[in-house]
Amino acid sequence: MRRTVSESRPAMPHPSTVTVFRDVRPAGGAPVELVVVDGVFADSMPVGAVAEVVDGRGMIALPTLVDAHIHPDKTAWGEPWYSRRPASGLAEYVQGDVDLYRSQETPVGERALRLLSHAAAQGTRAVRAHVDVAPAYGLGPLDGVAAAREALLGVLDVQIVAFPQHGLQRTPGTAALLEEAVRAGLADAVGGLDPAGFDGDQQGQLDTVFGIAERYGTGVDIHIHDTGETGLAPLYDICARTRALGLAGRVTVSHAFCLAALGERELDEAAGTLADAGVSLTTAALGESTVLPFRELAARGVLVGLGSDGVRDSWSPFGNADMLHRAHLLGWAVDARLDEELEACLALAADGGAVLVGLPRVDFTPGSPADFMLVEGECVPQVVVDLPERRMVVRGGRVVARHGKLG
Numbered sequence: 000m001r002r003t004v005s006e007s008r009p010a011m012p013h014p015s016t017v018t019v020f021r022d023v024r025p026a027g028g029a030p031v032e033l034v035v036v037d038g039v040f041a042d043s044m045p046v047g048a049v050a051e052v053v054d055g056r057g058m059i060a061l062p063t064l065v066d067a068h069i070h071p072d073k074t075a076w077g078e079p080w081y082s083r084r085p086a087s088g089l090a091e092y093v094q095g096d097v098d099l100y101r102s103q104e105t106p107v108g109e110r111a112l113r114l115l116s117h118a119a120a121q122g123t124r125a126v127r128a129h130v131d132v133a134p135a136y137g138l139g140p141l142d143g144v145a146a147a148r149e150a151l152l153g154v155l156d157v158q159i160v161a162f163p164q165h166g167l168q169r170t171p172g173t174a175a176l177l178e179e180a181v182r183a184g185l186a187d188a189v190g191g192l193d194p195a196g197f198d199g200d201q202q203g204q205l206d207t208v209f210g211i212a213e214r215y216g217t218g219v220d221i222h223i224h225d226t227g228e229t230g231l232a233p234l235y236d237i238c239a240r241t242r243a244l245g246l247a248g249r250v251t252v253s254h255a256f257c258l259a260a261l262g263e264r265e266l267d268e269a270a271g272t273l274a275d276a277g278v279s280l281t282t283a284a285l286g287e288s289t290v291l292p293f294r295e296l297a298a299r300g301v302l303v304g305l306g307s308d309g310v311r312d313s314w315s316p317f318g319n320a321d322m323l324h325r326a327h328l329l330g331w332a333v334d335a336r337l338d339e340e341l342e343a344c345l346a347l348a349a350d351g352g353a354v355l356v357g358l359p360r361v362d363f364t365p366g367s368p369a370d371f372m373l374v375e376g377e378c379v380p381q382v383v384v385d386l387p388e389r390r391m392v393v394r395g396g397r398v399v400a401r402h403g404k405l406g
């Protein structure tokens, strides 16, 4: 039998890509040399390999961070100043979203790309983007954020949640748009919003959301702003549905303000239910009364991630999509004073978010992804407090940003 060339010759091994980062201090420790082979940390260089060498100049190496909850479609960051009107309830904030959307001359995709590029340049490696789906917009915002995701491949991982900010039951036509978004591959997860308090039909909303997730094999991420029983009842319902459908590890409740004020016994009960169901949470350091007790929840087996939420949108003029700054705000909100408390704020932005979006943690050991940033500073707590501007961002062993600029 005659052999082809590829059959008669042994395959040549693909040469490894090797980078050595010299004089860096993982987590602020002693200076070391980090070897990266084909995008992951290695204990040594392959024999005969030629390495690119990067001088870390004694900077601290930290994991790149994960924004587990952001709304890039709503942002006016980088646009002319937008003056917000008073808003006293969720319905008025939602109308404010529509007003801002109609006022912006720059398309959603361009605004989202600008914001997400900035996030990546500051040291974010992944985001979970909640994008409004409603008859007022159709699927336009989703198309825009999906285009931004495509433009940032290899620099920033972007998960997209089709988010019914205007409600499912109270806004006819939204359910069909959600399903269309998932069916078209524009969204990785389907969202929901205050099933009891805002939508007024807990069973109806959750039937729709979990029905879509079950049919298309997507994740679920539901906002709950409601407090008290109005928030707790849907949360427990979400846990029950997650167990029944075998969706452990694929369902998240965002904000979950109803947990923030619970006493120890009630928190134990809620945390046990969440951990047993495999339902995760995100918090956004919006204020002392709304921040989740993330250390207590983690100690009880609940996965918690940290997010920016809105960035200079109709809800708030604040935000900058810098997750190191968000860790700083978290420390401020929980009155962190001790080194271990400040370190926990950074760990939430790094490790909690990574697991939540399905990425491995970065711990600088062999086999760990070489996704990290180099910053100037004495130690991790001081970095969280002082927010050094000089940063070098590395994805897969490749330097993708210096001093806040990609490239």
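Reading the sequence shown from the start, the letters are residues 0 to 406 in numbering that gives the first Met the number 0. Backbone N, C-alpha and C fix where the C-beta goes; we use that ideal spot for every residue, glycine too.
Pairwise C-alpha distance: residue j and residue i
{"i": "residue 401", "j": "residue 393", "result": "9 angstroms"}
{"i": "residue 94", "j": "residue 303", "result": "30 angstroms"}
{"i": "residue 313", "j": "residue 332", "result": "22 angstroms"}
{"i": "residue 279", "j": "residue 290", "result": "15 angstroms"}
{"i": "residue 11", "j": "residue 42", "result": "Note that residue 11 scores a pLDDT of 42, beneath 50, so its modelled location is shaky and nothing firm can be said."}
{"i": "residue 3", "j": "residue 15", "result": "Only weak support is given to the placement of residue 3: the predicted model assigns it a pLDDT of 34, under 50, and the value that follows is read from those uncertain coordinates. Rounded to the nearest angstrom, the two C-alpha atoms are 27 angstroms apart."}
{"i": "residue 405", "j": "residue 321", "result": "14 angstroms"}
{"i": "residue 362", "j": "residue 171", "result": "47 angstroms"}
{"i": "residue 411", "j": "residue 385", "result": "Within the shown structure, residues of the chain are numbered from 0 to 406, placing residue 411 beyond reach of any answer."}
{"i": "residue 397", "j": "residue 38", "result": "8 angstroms"}
{"i": "residue 247", "j": "residue 51", "result": "42 angstroms"}
{"i": "residue 277", "j": "residue 270", "result": "10 angstroms"}
{"i": "residue 134", "j": "residue 176", "result": "8 angstroms"}
{"i": "residue 17", "j": "residue 365", "result": "14 angstroms"}
{"i": "residue 204", "j": "residue 318", "result": "30 angstroms"}
{"i": "residue 357", "j": "residue 96", "result": "30 angstroms"}
{"i": "residue 185", "j": "residue 371", "result": "28 angstroms"}
{"i": "residue 131", "j": "residue 395", "result": "31 angstroms"}
{"i": "residue 69", "j": "residue 161", "result": "12 angstroms"}
{"i": "residue 283", "j": "residue 109", "result": "24 angstroms"}
{"i": "residue 239", "j": "residue 297", "result": "20 angstroms"}
{"i": "residue 234", "j": "residue 34", "result": "45 angstroms"}
{"i": "residue 256", "j": "residue 187", "result": "24 angstroms"}
{"i": "residue 344", "j": "residue 285", "result": "14 angstroms"}
{"i": "residue 225", "j": "residue 45", "result": "55 angstroms"}
Residue i versus the options, residue with shortest Cα-Cα distance
{"i": "residue 81", "options": "310, 378 and 243", "result": "310"}
{"i": "residue 373", "options": "120, 189 and 230", "result": "120"}
{"i": "residue 72", "options": "100, 78, 46 and 88", "result": "100"}
{"i": "residue 379", "options": "26, 364 and 17", "result": "26"}
{"i": "residue 83", "options": "330, 89 and 98", "result": "98"}
{"i": "residue 155", "options": "207, 164 and 115", "result": "115"}
{"i": "residue 29", "options": "184, 316 and 376", "result": "376"}
{"i": "residue 192", "options": "40, 183 and 167", "result": "167"}
{"i": "residue 300", "options": "159, 230 and 273", "result": "273"}
{"i": "residue 79", "options": "316, 252, 330 and 263", "result": "316"}
{"i": "residue 258", "options": "207, 223 and 180", "result": "223"}
{"i": "residue 383", "options": "308, 118, 265 and 342", "result": "342"}
{"i": "residue 420", "options": "122, 354, 254 and 268", "result": "Residue 420 lies beyond the stretch modelled for the chain, which goes from 0 to 406, so this question has no answer here."}
{"i": "residue 139", "options": "111, 157 and 118", "result": "111"}
{"i": "residue 265", "options": "164, 180 and 228", "result": "228"}
{"i": "residue 157", "options": "262, 67 and 294", "result": "67"}
{"i": "residue 359", "options": "32, 86, 36 and 40", "result": "40"}
{"i": "residue 413", "options": "236, 194, 352 and 249", "result": "Outside the shown range of the chain, which is 0 to 406, sits residue 413, and nothing can be said about it."}
{"i": "residue 142", "options": "179, 164 and 169", "result": "179"}
{"i": "residue 245", "options": "268, 254, 230 and 219", "result": "219"}
{"i": "residue 287", "options": "31, 268, 254 and 263", "result": "254"}
{"i": "residue 76", "options": "113, 48 and 197", "result": "113"}
In DSSP terms, what residue i is bridged to
{"i": "residue 404", "result": "401"}
{"i": "residue 58", "result": "23"}
{"i": "residue 41", "result": "34"}
{"i": "residue 156", "result": "125"}
{"i": "residue 394", "result": "397"}
{"i": "residue 137", "result": "133"}
{"i": "residue 51", "result": "18"}
{"i": "residue 161", "result": "130 and 189"}
{"i": "residue 279", "result": "251"}
{"i": "residue 303", "result": "280"}
{"i": "residue 65", "result": "125"}
{"i": "residue 308", "result": "69"}
Inset, instruction - Report yes or no: do three or more beta-carbon pairs, one from the stretch 48–58 and one from the stretch 113–131, lie closer than 8 angstroms? - result: no
Legend entry - Cβ contact (3+ pairs, closer than 8 angstroms) linking the stretch 309–326 and the stretch 343–350: In the pairwise beta carbon analysis, the stretch 309–326 is classified as touching the stretch 343–350: at least three pairs are separated by under 8 angstroms.
Inset, instruction - Assess, as a yes-or-no matter, whether the stretch 56–74 is touched by the stretch 17–30 under the definition of 3 or more beta carbon pairs within less than 8 angstroms. - result: yes
Legend entry - Any 3 or more C-beta pairs closer than 8 angstroms across the stretch 146–156 and the stretch 206–221: Flag = no, the stretch 146–156 and the stretch 206–221 do not touch.
Legend entry - Given 8 angstroms, three or more beta-carbon pairs between the stretch 95–114 and the stretch 334–342: no
Inset, instruction - Let me know the alpha helix (DSSP H) ranges lying completely inside the stretch 330–383, each 4 residues or longer, listed in chain order. - result: 338–346 and 352–355
Legend entry - Length at least 4, wholly inside the stretch 176–240: the alpha helix (DSSP H) runs in chain order: 201–215
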